Amino acid sequence: MSASRRLDALLEAGVGFVAGVPCSYLKKLFAGCAELPAGYYLPAVREDHAVAACAGAWLGGRRALAAMQNSGLGYCLEVLTSLHLMYRIPLPLVVSDRGAPTDFEEHRILGQSTRRLLDLFGIPWREARPGSHEAESRWLIEASERERTPAVLLVGKEADV
Amino acid sequence: MTRAEAVAVALSLLGEGDIVVAADGAISREAYRAHDRARTFYMVGSMGQVASIALGLAMTRPERIVGLDGDGNLLMGFGGLAMVGGIKPANLYHLVLDNGCYATTGGQPALSRKVDLAAAALGAGYTWARRSLSGDDTRPAMESWLAAGGPALLDLAVDGEETDAAPRVPMTPEEMATRARAALTWV
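Protein chains in written order, with my numbering: chain P, 1 to 161; chain Y, 1 to 187.
This is the structure:
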């Protein structure tokens with residue numbers, strides 16, 4: 001058992017490598033990542049490097065998960081399109097769902113465009129619910145592996161379990 | 001020495017089990033032409049991510065991982081140096097084929113002429129890093145690099161002029177990914 005039930009569920013669903021850049025909406029998830037054994041968690045310096053490292057870990061035979069704030073999707077676009085989508089490399093992503101009208105203004109523009117951005121590139125996504133972490137973890141892995149694509153679970157503050 | 005010759009020398013020094021990540025553009029095409037191998041992952045696009053992909057491999061595989069990078073490519077993904085230096089995988093070997101310019105796009109000068117990439121790697125935490133100048137013997141420099149403890153970076157000066165362009169790798173990106181993963185995970 002880690003500090004995060006969601007991380008436990010993702011590990012149960014077969015995740016064997018995590019790379020990411022923290023978000024305060026994902027405190028529990030990242031607390032769990034910090035407890036993983038050496039070689040299983042990469043604290044990346046920027047989100048594009050996190051997803052690229054996940055591609056390397058997938059080539060190495062692991063199910064690799066990226067975790068980040070939705071603002072990080074902007075940094076990732078080139079790698080998601082010309083690495084994961086073009087090479088058909090599966091990539092489950094846990095992305096914080098920031099940008100509500102009550103959130104800080106720096107989160108609003110990309111935050112309120114996140115779903116449209118994912119739709120634009122044909123990346124499947126789903127919104128997390130507080131009690132559904134086990135089914136959501138299975139969906140995330142299956143959605144990314146079935147079509148060998150990035151797939152995104154959008155996690156609001158209340159769903160960081 | 002041309003970049004293509006340096007790529008060929010590097011590949012000739014590797015063992016069958018070594019895993020190679022070849023940078024997008026000319027470096028991948030030259031690596032394919034010199035010696036195609038299933039354990040080479042050829043990049044087309046996602047510039048700046050050689051070190052990050054190599055790190056993901058180094059953290060999940062016991063074999064030696066060799067990143068064939070370019071200087072402009074490394075500068076674009078400079079944060080990758082910090083991740084490799086911070087994690088310190090002993091099996092990661094990083095070769096920068098440094099022509100001091102963006103050769104593929106017309107030879108525009110790159111800041112690698114002003115920035116000491118080997119010093120940056122050491123500052124980031126690489127165990128070993130050196131710059132090899134154009135007059136130096138390439139093969140001994142590469143042998144020292146591969147004999148050093150990892151993570152190790154060799155910043156190798158190569159000619160900036162583009163002659164004898166290698167053709168594109170004749171596989172789809174999906175085939176490249178599938179083939180490399182199958183070669184690594186075959187049991």
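For every residue, glycine included, the Cβ atom is placed at its ideal position computed from N, Cα and C. Remember, predicted model here, so these are calculated numbers, not experimental data.
*Is it right to say P:W58 is buried, meaning 16 or more other beta carbons lie within 10 angstroms of its own, or is it exposed?*
To locate residue 58 of chain P, count along the first sequence from 1; it is residue 58. That one is buried.
*With Y:R29 as the anchor, note down where its alpha helix (DSSP H) starts and where it stops.*
As a working mapping, residue 29 of chain Y is identified with position 29 in the second sequence. Taken as a continuous stretch (DSSP letters only), the alpha helix (DSSP H) holding Y:R29 covers A26 to A34.
*Just checking my contact of Y:D71 with Y:N99 at CB under 8 Å: how many whole Å lie between their CB atoms?*
Position 71 of the second sequence, counted from the first residue, corresponds to residue 71 of chain Y. Position 99 of the second sequence, counted from the first residue, corresponds to residue 99 of chain Y. About 7 Å; that satisfies the 8 Å criterion.
*Helix, strand or coil for Y:P173, going by three-state DSSP, please let me know.*
Taking the second sequence and counting its residues from 1, one reaches residue 173 of chain Y at position 173. Helix.
*When the distance is taken between beta carbons, is Y:L75 closer than 8 Å to Y:A110?*
The residue labelled residue 110 of chain Y in the question sits at position 110 within the second sequence. The residue labelled residue 75 of chain Y in the question sits at position 75 within the second sequence. Yes.
*If you follow the beta strand (DSSP E) that Y:D98 is part of, which residue opens it and which one closes it?*
By one-based count along the second sequence, residue 98 of chain Y stands at place 98. For Y:D98, the enclosing beta strand (DSSP E) has its first and last residue at L92 to D98.
*In chain P, what lies closer than 7 Å to Y:L184 by C-beta?*
Here residue 184 of chain Y is taken as the residue at index 184 of the second sequence, counted from 1. Ordered by position in chain P, the residues that pass the 7 Å Cβ test against Y:L184 are L59, G60 and G61.
_I want to know whether the region 5-18 of chain Y touches the region 147-154 of chain P - three or more CB-CB distances under 8 Å._
no
*Out of curiosity, what's the CA-to-CA distance linking Y:T104 and P:D160?*
Within the second sequence, the letter at position 104 stands for residue 104 of chain Y. Within the first sequence, the letter at position 160 stands for residue 160 of chain P. Rounded to the nearest angstrom, the two C-alpha atoms are 45 Å apart.
*By Cβ distance below 7 Å, which residues in the same chain neighbour Y:M1 in space, the five residues on each side in sequence not counted?*
Residue 1 of chain Y sits at position 1 when you count from the first residue of the second sequence. Its chain contains T138, V158 and D159 as the residues whose beta carbon lies nearer than 7 Å to that of Y:M1, once the 5 sequence neighbours on both sides are disregarded; these appear in chain order.
*Considering Y:L153, what are the terminal residues of the beta strand (DSSP E) in which it resides?*
Here residue 153 of chain Y is taken as the residue at index 153 of the second sequence, counted from 1. Unbroken beta strand (DSSP E) run through Y:L153: A152 to A157.
*Under 8 Å between the Cβ atoms of Y:D155 and Y:V84?*
Along the second sequence, one-based indexing puts residue 155 of chain Y at 155. Along the second sequence, one-based indexing puts residue 84 of chain Y at 84. The answer is no: Cβ separation not under 8 Å.
_Three-state secondary structure assigned by DSSP to P:L118_ = For the purposes of this step, residue 118 of chain P is taken as the residue at position 118 of the first sequence. P:L118 falls in the helix class under three-state DSSP.
*Where Y:I87 meets chain P, residues with beta-carbon distance less than 8 Å*: The residue you call residue 87 of chain Y lines up with position 87 of the second sequence. Correct list: L42.
*Quick one: which unbroken beta strand (DSSP E) runs of 3-plus residues sit fully inside the region 1-87 of chain Y? Chain order, please.*
19-22, 40-42 and 65-70
*Give a yes or no on whether the minimum CB-CB distance between P:C23 and chain Y is below 8 Å.*
For the purposes of this step, residue 23 of chain P is identified with residue 23 of the first sequence, where counting begins at 1. Chain Y, which has no Cβ nearer than 8 Å to the Cβ of P:C23, makes this no.
*If you draw a straight line from the C-alpha of P:R116 to the C-alpha of P:I123, how long is it?*
Working through the first sequence from its first residue, we reach residue 116 of chain P at position 116. Working through the first sequence from its first residue, we reach residue 123 of chain P at position 123. Roughly 10 Å between the two C-alpha positions.
*Checking contacts by CB at 8 Å: is Y:A177 closer than that to chain P?*
For the purposes of this step, residue 177 of chain Y is taken as the residue at position 177 of the second sequence. Taking Cβ atoms only, chain P reaches closer than 8 Å to Y:A177, which makes this a yes.
*asked:* Within 8 Å of any Cβ in chain P, is that where the Cβ of Y:L188 sits?
replied: Outside the displayed range of chain Y (1 to 187) lies residue 188 of chain Y, so it cannot be described from this structure.
_Alpha carbon of P:W125 to alpha carbon of P:H133, nearest angstrom_ = Translated into positions along the first sequence, residue 125 of chain P becomes position 125. Translated into positions along the first sequence, residue 133 of chain P becomes position 133. In a straight line, the C-alpha of P:W125 is about 14 Å away from that of P:H133.
*What is the DSSP secondary structure of P:E127, counted as helix, strand or coil?*
The residue you call residue 127 of chain P lines up with position 127 of the first sequence. P:E127: strand per DSSP, three-state reduction.
*Under the three-state reduction of DSSP, which class applies to P:F17: helix, strand or coil?*
Within the first sequence, numbered from 1, the residue matching residue 17 of chain P stands at position 17. Strand, per DSSP.
*Work out the CA separation of P:P101 and P:I109 for me, nearest whole Å.*
Taking the first residue of the first sequence as 1, we reach residue 109 of chain P at position 109. Taking the first residue of the first sequence as 1, we reach residue 101 of chain P at position 101. Their Cα atoms are separated by approximately 10 Å.
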